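Engineer:
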Amino acid sequence: MRVVVDGPSNLGLRAPSAGVVPGCYKLAGAVRDRGFVGRIGAEDGGCVTPPRYDMHDWKPGDGVFNAAGMASYTLQLADRVAGFVEEGKFVVLLGGECSNLLGPALALKRLGRYGVVYLDGHSDFRTVDNSPYVGAAGGEALALVTGRGQADLTDLEGRGPYTRDTDAVLLGIRADDEYVGDVEKARIPVWPASKIADDPNAAAQGTLKHLDVLAGFWVHLDVDILDAAIMPAVDSPDPGGIDHDQLRTLLRPLLASPKCVGVDIGIFDPDLDPDGTYATELTDTLVAALS
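Okay, so the sequence shown: first residue is 916 according to my numbering, each after it adds one.
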């Protein structure tokens, strides 16, 4: 049985302009409005309401902004996700942004050894070791779940790292990704978007083979894995991504695997999609991938 949970957090993204909050918190509503829950035959798992987005007087060097709220939200998400996984339900978590992954990753660490399949146009591997400062957890989420970063996010309940380096796979980054060298140094397998475009099923099968020894895995989908011409309604659109057909082909075997316990979807911003075209296309792709 599938269950859809809303996780409408925007805590991990920078404000698009002064006095404006990131609109990715509207993702769940946009997808639900297109009949998503019924179309995939899921039950409604409710909404985990996030804390207020408020950067206060944050400045570079202060660490991750919204960290206290993010930590408490991670615990709430972990409780909701863990409960459903223990009931044998497949969780679809509608974001939100990439820091939402901390919740499922913590939930699964409570239950055993699980992997993360990280589908994203960016590596999200920024740390204080490879950047002058950190701040937006959405650009640091893969680093955080693998234990790189401040302890109030990476070691909740004393369980960090939530995911071992060997148990993560990164798919979809562009050729010029700033932190790919650090990812490769960590021995996290990488499938760039160009390689996925050549054979998305091979990328999926290679990922499944790599994670086969684990109890299970979680899929994280940042929709900026799609090419900017196809999905511009994200905070950091980039050329060189994959298309909807390739994304469906990549997702289907991953989500159909008996070892996959859930997926979170993030970064789509309905504020950047005034006529709803991209929301419709995204919803159709998600439904097809889960069919």
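A virtual CB, placed ideally from N, CA and C, is assigned to each residue, including glycine.
Note that the coordinates shown come from a computational prediction; the quantities given were computed from them, not determined experimentally.
Could you tell me which residues DSSP puts in a beta bridge with W1133?
Structural biologist: As a first step, residue 1133 must be located in the sequence shown, where it is residue number 218. According to DSSP, which records beta bridges pairwise, W1133 is partnered with V1031 and G1177.
Engineer: Per DSSP, what kind of secondary structure is A933 in: helix, strand or coil?
Structural biologist: Looking up residue 933 in the sequence shown gives position 18. The answer is coil: DSSP assigns A933 none of H, G, I, E or B.
Engineer: State yes or no: is the C-beta of G1181 within less than 8 Å of the C-beta of C1013?
Structural biologist: Numbered from 1 along the sequence shown, position 266 holds the residue referred to as residue 1181. Numbered from 1 along the sequence shown, position 98 holds the residue referred to as residue 1013. Contact: yes.
Engineer: Which residues does DSSP pair with R917 in a beta bridge?
Structural biologist: Residue 917 sits at position 2 when you count from the first residue of the sequence shown. DSSP, once it has assigned bridges, lists F1005 as partnering R917.
Engineer: Going by the DSSP bridge assignment, what does L959 pair with across the sheet?
Structural biologist: Reading the sequence shown from its first residue, position 44 is the one you call residue 959. The sequence shown places Asp at residue 959, rather than the Leu named in the question. BP columns for D959 point to V919.
Engineer: Rounded to whole angstroms, what's the CA-CA distance from D1092 to L1197? Just pull it up for me.
Structural biologist: Along the sequence shown, read from residue 1 onward, the residue named residue 1092 stands at position 177. Along the sequence shown, read from residue 1 onward, the residue named residue 1197 stands at position 282. Answer to the nearest angstrom: the Cα atoms are 24 Å apart.
Engineer: Helix, strand or coil for P979 per DSSP?
Structural biologist: Residue mapping note: residue 979 aligns to position 64 of the sequence shown, counting from 1. For clarity, residue 979 is Val in the given sequence; the question names Pro instead. In the structure shown, V979 sits in coil (DSSP, three-state: anything other than H, G, I, E or B).
Engineer: Which of the three DSSP states is assigned to A1171 in this structure?
Structural biologist: In the sequence shown, counting from the first residue as 1, residue 1171 sits at position 256. DSSP places A1171 in helix when its eight states are reduced to three.
Engineer: Would you mind listing the alpha helix (DSSP H) stretches within the region 1048 to 1078 that are 4+ residues and don't spill past its ends, in chain order?
Structural biologist: Runs of the alpha helix (DSSP H) inside the region 1048 to 1078: 1056 to 1060 and 1066 to 1069.
Engineer: Comparing the CB of Q1161 with every heavy atom of the ligand GDP, is any distance shorter than 7 Å?
Structural biologist: In the structure on display, the ligand GDP does not appear, and there are no ligands present to speak of.
Engineer: Out of A997, F951 and A1020, which one is the CA nearest neighbour of V1060?
Structural biologist: Within the sequence shown, numbered from 1, the residue matching residue 1060 stands at position 145. Looking at the Cα atoms, A1020 is the closest of the given residues.
Engineer: Taking the straight line between their C-alpha atoms, what separation do you get for A1052 and L992?
Structural biologist: In the sequence shown, counting from the first residue as 1, residue 1052 sits at position 137. In the sequence shown, counting from the first residue as 1, residue 992 sits at position 77. Cα to Cα, A1052 sits roughly 16 Å from L992.
Engineer: Which word fits T964, buried or exposed, when buried means at least 16 other C-beta atoms lie within 10 angstroms of its C-beta?
Structural biologist: Locating residue 964 in the sequence shown gives position 49, counting from the first residue. By the 10 Å Cβ count, T964 comes out exposed.
Engineer: To the nearest angstrom, how far is the alpha carbon of R929 from that of W973?
Structural biologist: Here the question's residue 929 lines up with position 14 in the sequence shown. Here the question's residue 973 lines up with position 58 in the sequence shown. Taking the straight line joining both Cα atoms gives about 11 Å.
Engineer: Which word fits K1100, buried or exposed, when buried means at least 16 other C-beta atoms lie within 10 angstroms of its C-beta?
Structural biologist: Here the question's residue 1100 lines up with position 185 in the sequence shown. Per the 10 Å Cβ criterion, exposed.
Engineer: So for A1083, helix, strand or coil by DSSP?
Structural biologist: Stepping through the sequence shown from its first residue, residue 1083 is reached at position 168. Of the three classes helix, strand and coil, the one that applies to A1083 here is strand, per DSSP.
Engineer: Quick one: what's got a C-beta closer than 7 Å to D1067's C-beta in the same chain, skipping five residues either side?
Structural biologist: The residue given as residue 1067 occupies position 152 in the sequence shown. Taken in chain order, the residues that qualify are A982 and A986.
Engineer: Could you give the first and the last residue of the continuous alpha helix (DSSP H) run that contains R949?
Structural biologist: As a first step, residue 949 must be located in the sequence shown, where it is residue number 34. Looking at the DSSP string, R949 is not in any alpha helix (DSSP H), and its letter there is neither H nor E.
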